[in-house]
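For reference, the structure discussed in these notes is given below.
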Amino acid sequence: MEALEEKEEVEKPPEDVISLNISDFLDELELDAEEASALSDESDFDWSSIDTSNLPSSYKTNSQQENKLLQLADHFFQQYSHLCPERKPLFIHPLNECGVQKFVSTTVRPTLLPYPDMYYWSGCASFVCDYLIMEPLKCPITPPSSLYSPTTILKYQRGNCFDFTVLLCSLLVGAGYDAYCVHGYATLEMCSLDQTQELCPRLRKPPEVPEEEDPNKYRIKYPLEPQSQFVLQQKAKKEEETESTQEEEREEEVVVEVEKPKRDPLHGLRVHAWVLVLSGKRKVPETFFINPFTGNHHSTKDECFLGIESVWNHRNYWVNMQDCRKGCKELSFDLSDPFCWEIMFSESNNASQLPTESAENDTDDMQEEEEIGMSFEMPLSWVDRIKVSCREYENPFPRGKKVILYDKAKQEKWAAYANADGLVERLTVYADSERTEELEVKEWFKHREDLLYMREVDHQTLLITDHFKPGHPLLLKAHTYTSLEPETGHTVEFYHTARVDGLWKRFETATEMTEYFMGREDFLHMRHIEFGERDLGVEMAGVTAEANARPIVEIKEYFHRNPEKPADEDVEERVFMVIDDVIQLTYHLELHDTIASKVVFCRVIGREKREDEIFLSRENTLKYQPWSSEKHKNMRHLYNLLWELRAEQKDLKQLVRDSEAEMLNILMVREDEEANIKLTVSLYSTAKREQQHEATVLEEEQRSSQSSLEESQYIGEEDESVAPHTATNSTM
17 MEALEEKEEV
27 EKPPEDVISL
37 NISDFLDELE
47 LDAEEASALS
57 DESDFDWSSI
67 DTSNLPSSYK
77 TNSQQENKLL
87 QLADHFFQQY
97 SHLCPERKPL
107 FIHPLNECGV
117 QKFVSTTVRP
127 TLLPYPDMYY
137 WSGCASFVCD
147 YLIMEPLKCP
157 ITPPSSLYSP
167 TTILKYQRGN
177 CFDFTVLLCS
187 LLVGAGYDAY
197 CVHGYATLEM
207 CSLDQTQELC
217 PRLRKPPEVP
227 EEEDPNKYRI
237 KYPLEPQSQF
247 VLQQKAKKEE
257 ETESTQEEER
267 EEEVVVEVEK
277 PKRDPLHGLR
287 VHAWVLVLSG
297 KRKVPETFFI
307 NPFTGNHHST
317 KDECFLGIES
327 VWNHRNYWVN
337 MQDCRKGCKE
347 LSFDLSDPFC
357 WEIMFSESNN
367 ASQLPTESAE
377 NDTDDMQEEE
387 EIGMSFEMPL
397 SWVDRIKVSC
407 REYENPFPRG
417 KKVILYDKAK
427 QEKWAAYANA
437 DGLVERLTVY
447 ADSERTEELE
457 VKEWFKHRED
467 LLYMREVDHQ
477 TLLITDHFKP
487 GHPLLLKAHT
497 YTSLEPETGH
507 TVEFYHTARV
517 DGLWKRFETA
527 TEMTEYFMGR
537 EDFLHMRHIE
547 FGERDLGVEM
557 AGVTAEANAR
567 PIVEIKEYFH
577 RNPEKPADED
587 VEERVFMVID
597 DVIQLTYHLE
607 LHDTIASKVV
617 FCRVIGREKR
627 EDEIFLSREN
637 TLKYQPWSSE
647 KHKNMRHLYN
657 LLWELRAEQK
667 DLKQLVRDSE
677 AEMLNILMVR
687 EDEEANIKLT
697 VSLYSTAKRE
707 QQHEATVLEE
717 EQRSSQSSLE
727 ESQYIGEEDE
737 SVAPHTATNS
747 TM
């Protein structure tokens with residue numbers, strides 16, 4: 017099938033000119049490919065030199081069933097070519113690595129690998145795109161002449177789009193998906209694995225749900241704002257003045273268009289292979305495509321897919337009989353529909369028959385094919401069992417790492433344990449398309465003992481944010497900082513459900529500290545502390561920062577509404593001015609109130625205060641009482657309240673010092689964790705556990721040999737010390 021045809025123009029060039037232009041373009045493309053292969057490191061690999069001597073006999077010969085299958089395929093191919101002469105030849109029985117013709121359906125070997133991620137399509141797709149190196153087709157407009165087995169592709173870790181597709185389809189069918197290999201046409205970017213114009217999947221935001229409009233049709237419609245006629249006249253004059261500059265802007269637009277990449281002359285002709293997953297099995301809600309080069313799923317209406325020639329799985333082969341001038345948008349994927357898809361073998365194992373437009377001399381061939389098909393059964397796959405060892409599964413990148421370039425972004429991937437710090441992925445975001453100015457860097461880690469799994473670095477603000485999994489000894493969830501030095505600006509988030517005090521966030525600088533709480537019984541949700549400057553003279557004397565603590569100037573606490581208390585007895589804000597010796601209480605509001613009730617306890621001027629003394633009078637107590645409560649009018653109640661507040665202020669000062677000490681401890685622990693990074697070995701990482709076991713055995717052997725050597729030296733020294741002693745005794 018021809019894929020999408022170009023839009024008809026007013027003047028069409030002659031067909032000879034078109035074919036000549038395409039042939040010239042292909043010649044140039046081959047020269048460019050040869051030059052690129054001469055410069056690339058992968059040019060040394062030659063598929064014709066691979067060793068096929070140790071392959072099973074099924075790779076080198078065809079069984080009787082396979083020969084019958086090839087005969088049926090030839091009959092089907094002849095009828096198809098006769099009835100559809102304008103269509104491209106079918107990709108139906110290419111050569112394998114041993115030079116033997118094999119039917120494409122028998123190249124699919126359903127396999128379920130024993131790894132949890134490989135039970136899902138996303139895990140299979142990511143493994144295939146990471147494990148294999150992409151090789152372009154030798155001719156971009158024709159399918160390859162050979163199709164190697166998935167085992168050979170896995171062995172050499174490289175292949176073209178058809179090799180990627182067959183391997184991925186084998187894994188998906190083995191996992192229970194209704195998956196098919198697709199031979200079709202796609203855009204240049206998809207065929208060449210060019211993602212420089214795409215947005216990185218890590219940067220894609222989830223679609224926003226549109227807000228529902230107010231269904232009230234009796235809303236007030238406000239009149240339009242009046243417009244000045246003078247302003248409108250001025251705007252018209254400005255538009256007339258800008259007409260002269262429009263020509264210059266058009267010239268600039270022409271220059272920009274020249275800089276854009278030219279239109280692909282092979283658009284709609286470039287051959288590509290991908291995977292089709294039908295809905296139904298494995299609770300797949302909607303049919304979708306998988307690009308094997310990237311492992312990404314695409315809608316069947318994606319404009320990157322320009323047409324389909326045929327699809328196949330391990331049981332059958334279908335030819336697309338639908339029009340693909342609009343790509344795959346309007347295609348029906350009901351493979352049981354004979355008007356849309358021509359099946360090679362019917363469900364009753366009878367050979368399919370194309371529409372009865374053949375000549376009379378073809379009836380004998382069809383009868384022979386039907387007789388063969390009646391006694392035919394689809395043979396099993398000739399491919400050996402697909403195996404992937406634990407070491408290969410855990411280290412999928414053949415070049416050590418994988419680099420993907422996106423629009424203003426670069427993504428790097430490593431295997432687990434490849435880096436000493438546990439780094440497995442890095443995403444760098446740039447400000448320009450040339451990727452010269454870095455804006456942000458995100459890094460992902462695995463198997464770290466400190467449970468760090470992600471780090472964000474903002475190069476504009478120089479802020480670093482570390483994210484931790486649950487289970488850290490200090491209950492850390494996130495830590496934002498510019499430096500691990502104390503009092504330089506730190507924001508720490510905790511897993512508050514594991515803390516007794518319900519603290520979930522703390523922000524600290526040299527002059528202030530703010531703590532946020534959740535789920536407390538006293539309804540406290542924020543505490544703000546303001547610090548003063550340290551005594552410089554004490555610092556010069558060499559006293560430590562712990563001994564020379566920052567003076568506490570003010571402590572503010574904010575509480576949520578407690579519905580069990582009246583509003584005029586439920587404190588909303590509590591302020592302790594420690595240096596000024598002032599305590600201020602602000603209460604919650606009732607629904608009908610507009611001004612909150614307040615109580616302020618001030619210092620008594622001209623009177624020395626002892627620690628255990630509380631002096632209360634109407635002069636140092638200020639009250640604003642719009643509420644009707646009688647408690648605050650009683651001086652004894654205010655005296656008891658002030659006594660409790662003095663005690664709580666003392667406890668709060670100690671809590672602040674504890675918070676400072678906790679922050680210092682966090683910074684010390686984080687500094688030590690970054691200086692001595694340790695990685696844990698997963699229970700499922702058998703290869704790494706074997707390496708660890710071998711390393712421990714080697715260490716034990718070295719220790720035992722060293723200890724035996726020390727014992728022998730010690731015994732030798734004892735013999736030397738005993739020898740002169742015995743000699744002196746003999747002389748006596």
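Residue numbers (my numbering): 17 to 748. In this text, a Cβ means the ideal position worked out from N, Cα and C, and glycines have one as well.
Check	Outcome
Within a Cβ cutoff of 6 Å, which residues of the same chain sit near Gln600, ignoring the five residues on either side of it in sequence?	Val591 and Val616
So what does Thr530 bridge to, in DSSP terms?	Phe523 and His544
Within 10 Å of its beta-carbon, does Glu402 have 16 or more other beta-carbons around it, so buried, or fewer, so exposed?	Looking at the sequence shown, residue 402 is not Glu but Ile. Ile402 comes out buried.
Assuming the contact rule is C-beta atoms closer than 8 Å, Ser142 and Gly311 should be a hit. Round their C-beta distance to whole Å, please.	5 Å
Return the chain-ordered list of same chain residues with a C-beta closer than 7 Å to the C-beta of Gln476, the five sequence neighbours on each side being excluded.	Leu455
Does DSSP put Gly139 in a helix, a strand or coil?	helix
Report yes if the CB atom of Ala447 is closer than 7 Å to the CB atom of Cys216, and no otherwise.	no
Which of helix, strand or coil does DSSP assign to Tyr75?	helix
Just to confirm, are Phe523 and Thr507 a CB contact at a threshold of 7 Å?	yes
Check whether the region 330-350 and the region 127-140 are in contact - that is, three or more C-beta pairs closer than 8 Å.	no
In chain order, what residues of the same chain lie with their CB nearer than 6 Å to the CB of Ser213, ignoring the 5 residues before and after it?	In the sequence as displayed, the identity of residue 213 is Gln instead of Ser. Only Asp423 meet the Cβ criterion.
Quick check: Lys485 and Leu500, are their CB atoms within less than 7 Å of each other?	no
Applying the 10 Å Cβ sphere with the 16-neighbour rule, what's the burial state of His199?	buried
Going by DSSP, name the residue or residues bridged to Val508.	His495 and Arg522
Less than 7 Å between the beta carbons of Val124 and Tyr193, yes or no?	no
Please report the residue range of the beta strand (DSSP E) in which Cys197 lies.	Ala195 to Ala202
Please go through the same chain and pick out, in chain order, the residues whose beta-carbon is closer than 6 Å to the beta-carbon of Gln338, but skip the five residues on each side of it.	Leu347 and Cys356
According to DSSP, is Lys669 part of a helix, a strand, or is it coil?	helix
Kindly indicate the opening and closing residues of the alpha helix (DSSP H) around Ser97.	Gln80 to Leu99
Which residues does DSSP list as the beta-bridge partners of Gln427?	Ile420 and Leu443
Per the contact definition of three or more C-beta pairs closer than 8 Å, is the region 80-99 in contact with the region 146-155?	no
Please list the terminal residues of the continuous beta strand (DSSP E) segment that includes Lys572.	Ile568 to Phe575
Should Gly323 go down as buried or exposed, given a rule of 16 or more other Cβ atoms within 10 Å for buried?	buried
Taking just the CA atoms, how far does Val182 sit from Ser161?	15 Å
Output the distance between the C-alpha atoms of Leu659 and Met593, rounded to the nearest integer angstrom.	One detail in the question is off: residue 659 reads as Trp in this sequence, not Leu. Spanning the two alpha carbons is a distance of roughly 16 Å.
My assumption, with CB atoms under 8 Å, is that Phe413 sits in contact with Ala436. Please give the rounded CB distance.	That pair is no contact at about 17 Å.
Would Leu204 and Asp280 be called neighbours here (beta carbons separated by less than 7 Å)?	yes
CB Ser505 to CB Thr481, shorter than 7 Å?	Contrary to the premise, residue 505 reads as Gly rather than Ser in this sequence. Cβ atoms of Gly505 and Thr481: not closer than 7 Å.
Where does Met206 land, buried or exposed, given buried means 16+ other C-beta within 10 angstroms?	buried
Residues in its own chain within less than 7 Å of Tyr131 by CB, not counting five upstream and five downstream?	Tyr409
Do Ser165 and Val399 come within 7 Å of each other at the CB atom, strictly closer than that value?	yes
Based on the DSSP secondary-structure assignment, which residues constitute the bridge partners of Ala289?	His199
Looking only at C-alpha atoms, which of Glu573, Thr127 and Asp551 sits nearest to Arg566?	Asp551
What three-state label does DSSP hand Lys403 in the structure shown?	coil
Pick helix, strand or coil for Leu148, following the three-state DSSP scheme.	coil
Quick one, are the C-beta atoms of Val300 and Tyr196 less than 7 Å apart?	no
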